[in-house]
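Structure first, then comments.
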Amino acid sequence: MSFDPKSDDATSRDATSDDAANFDAKIDRAKIEGAKIGGAKIDGAKMEDSRKDQFSRRGFLGVGSAALAAGMLSNAAGQNSKQDSKPAPPPYPTKGDKNSSAPGPGNPAIDAQNPDSFLPPQTDAGGVQTFKYPFGISHKRMQEGGWSREVTVRELQVSKSIAGVDMRLTAGGVRELHWHTAAEWAFMLYGSARITGLDADGKSFVGDVGEGDLWYFPPGIPHSIQGLNPDGAEFLLVFDDGNFSEYETVLLTDWMAHTPHDVLSKNFGVSEQAMEKMPRREKFIFQAAVPGPLAEDLKATSGSLGLSTQDFAFRTTQQAVTKRTKGGEVRIVDSSKFKVSTTIAAAIVTVHPGGIRELHWHPNADEWQYYIAGQGRMTVFATGGRARTMDFQAGDVGYVLKTLPHYVQNTGDTDLKFLEMFKSNVYQDLALSQWLTHTPPDLVLAHLGIDKATLEAMPKDEVVVMPK
Ligand code: MN
Ligand code: MN
């Protein structure tokens, strides 16, 4: 990525002949140094070209290979005329170049969604472990009352510290009473639900959650989720263990189905006959009647101990945005705000069109991502000359190993919204700008070949989403 601080300004204007001259100079320098330089695709000053290029690639891929070829040619012509009819030497296989042609079998729909795999940016190199998995190709476990699907370390090999589940419940649909060995953090994607739990002191918790709200249940704390009117809910569950599986939780009905009725009779001090209709196997998700008013459930569950003083739910939208810039905004929710969430920290990020979640890394934990809306691309620099860019859209999971540098660009024309999730009680990140502007300037200049004015123009504090 460019270290030119003007690069973000440049996103809003077309290439000028000055830019073209700079571009040629960079290409020449690249040739001399034998180095790979981003050129028009990645260099910040050419970001606008990069985005146009990407759109045309997407459009082209979407309509088949003949049209693709035509599109490539016309796009190449357009760029040449913009650059003062001075044809830049192709720095890297481009769309019209025979080196990038793919005459064998292919899947145009997959290619169109993954333009940075179809034709990687010039700065990508080497074997970086795959860090994307779409929920759309997970097995969907269909039930009366809803469904669930999961992305775990079995689907996405790199994701060892966190697993995710996408779950749908109809109005009245129940994710049955259960618990698990991992902690559960959740984000309500659509609709509303009633959640119940029992805290470690044996006190009851019941709460209603709506779109954008969160909840958290520690390991071993029993809980349930039920869809409310009018149309139930869909939500994302995040577990602090990549090896988690929804198929391996402690379920009330599963437990009862595997306990003799005479034992249950003795345990509860009731007749064995009363156990006759106990389920013979687990329910997991099932359809039930929509629950009544919350107040009634609270009254019915308070018992002699009273209700839990812990709040297992968190109303994200009632919390101020942590940081807002021209490029977007971020809400950070960790245990400093959401007290019960002691093993999972989150950032809810919005990147406006043309914006970038700045170059940064997380010193304390792997990052598990869920893309909620829009289109983006993430590049992960994986050390040893390796870097990879992958494309994301709503419903995709992304992953970045602890400490690896990365950035996320909005490649669409609507807001890109995603979750950054960490197995940690605190959210931590460091930005490249922050690092460079808090290091002796001469030392930085000696590394990067930039001038002092450029360094001084860089953001001094973490911006999170550029432009400032
Ligand atoms: Mn659960
Ligand atoms: Mn990150």
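Residues in the sequence shown are numbered consecutively from -17, following this note's numbering. The beta carbon of each residue, even a glycine, is placed where N, CA and C say it ideally should be.
- Between the alpha carbons of G209 and K265 lies a gap of roughly 16 Å.
- Taking C-alpha positions only, V188 is separated from F268 by approximately 19 Å.
- When secondary structure is reduced to three states using DSSP, P116 falls in the strand class.
- According to DSSP, K399 shares a beta bridge with T332 and A355.
- According to the DSSP assignment, Q95 belongs to the alpha helix (DSSP H) that extends over P90 to Q95.
- Pairing K384 with L287, the inter-Cα distance amounts to about 43 Å.
- Annotation for E444: A413 and Q416 place their beta carbon closer than 6 Å to its own, counting only its chain and skipping 5 residues before and after.
- Where S130 is concerned, there is no enclosing alpha helix (DSSP H), although the beta strand (DSSP E) around it starts and stops at G128 to V133.
- In the structure shown, L210 adopts coil according to DSSP, grouped into three states.
- If you compare the alpha carbons of S83, D190 and L246 with that of F296, the shortest gap goes to D190.
- Minimum Cα-Cα distance from T134 among the listed residues M170, E258 and E230 corresponds to E230.
- Excluding the 5 residues flanking it on each side, T396 has same chain C-beta neighbours closer than 6 Å at G356, in chain order.
- Between H420 and the set P441, P87 and A168, the nearest pair of CA atoms involves P441.
- DSSP, reduced to helix, strand and coil, places L196 within a strand of the structure shown.
- V382 has its Cβ nearer than 7 Å to a heavy atom of ligand 2.
- For E444, the CB stays at least 7 Å from every heavy atom of ligand 2.
- With the rule of 3 Cβ pairs closer than 8 Å, the stretch 170 to 180 counts as touching the stretch 211 to 218.
- Between ligand 2 and D411, a heavy atom-to-CB distance of less than 7 Å is present.
- By the 16-neighbour rule on beta-carbons within 10 angstroms, T112 is exposed.
- CA-CA distance, E228 to P204, rounds to 14 Å.
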